[in-house]
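S.K.: For reference, the structure I am asking about is given below.
Numbering (our numbering), first residue to last: 17 to 214.
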């Protein structure tokens with residue numbers, strides 16, 4: 017297998033951790049892993065040569081313009097969930113900017129993680145998502161509908177996860193797994209009667 021140069025965002029998140037861990041342990045590809053907070057990394061960045069931790073905020077993606085012109089694959093998992101003014105900037109504007117910074121002659125593929133919440137039962141963009149969805153859903157819908165305008169569009173593979181479970185001592189918990197963990201604790205606390213012990 018030819019060695020590739022892979023740039024990945026969201027490397028310290030749940031999905032990003034699983035991907036980074038696989039790429040680190042099972043390939044020899046040169047990896048450029050963008051992380052906002054290196055303290056959240058649970059994989060070993062010194063496991064082998066060719067692993068570069070890029071400590072930066074995705075908001076400042078332009079600082080990697082020269083590097084992005086040299087990568088063969090982009091894996092974009094970073095996102096902001098909602099409740100913040102940056103939701104549309106990060107999930108739409110900066111995402112489109114990232115994809116426009118790669119060199120179409122060098123980049124072979126972009127893997128973009130979106131959400132199944134923006135698709136209808138025929139796997140087409142759900143019009144209602146842009147009107148009644150959360151800011152996160154609206155932003156993901158907006159980005160999806162703008163992808164065809166990009167020169168690199170034919171090389172973009174959009175992934176639409178439904179429910180993401182994951183996390184353990186070596187990987188961060190997904191939002192659903194974290195809620196599930198808390199729900200079990202809440203259930204335990206709700207069903208626990210201290211008087212039964214005495």
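Cβ atoms here follow ideal geometry from the backbone N, Cα and C, with glycine treated the same way.
Predicted, not measured: the structure shown is a model, and the values here were computed from it.
#1: Need the endpoints of the alpha helix (DSSP H) that residue 176 sits in, please.
#2: Please return the same chain residues whose Cβ sits closer than 6 Å to the Cβ of residue 41, not counting the five positions on each side in sequence.
#3: Please report the straight-line C-alpha distance between residue 146 and residue 62, rounded to a whole angstrom.
#4: Let me know if residue 190 comes out buried or exposed under the rule of 16 or more other beta-carbons within 10 Å of its beta-carbon.
#5: When burial is assigned at 16 or more other CB atoms within 10 Å of the CB, is residue 100 buried or exposed?
#6: Is the Cβ-Cβ distance between residue 38 and residue 19 less than 8 Å?
#7: Since residue 152 sits in a beta bridge, which residues does DSSP pair it with?
#8: Looking at the strands, I want to know which residues DSSP matches up with residue 113.
#9: Closer than 8 Å is the cut-off here; do at least three beta carbon pairs connect the region 133-152 with the region 75-87?
M.R.: According to the structure shown:
#1: First-last for residue 176: undefined, no H or E at that position.
#2: none
#3: 42 Å
#4: Reliability fails at residue 190, whose pLDDT of 43 lies under 50, so the model's placement of it is uncertain and the value that follows must be treated cautiously. By the neighbour-count rule (16 or more Cβ atoms within 10 Å), residue 190 is buried.
#5: exposed
#6: no
#7: Its beta-bridge partners do not exist; DSSP assigns none.
#8: Answer is none; residue 113 lacks a bridge partner.
#9: no
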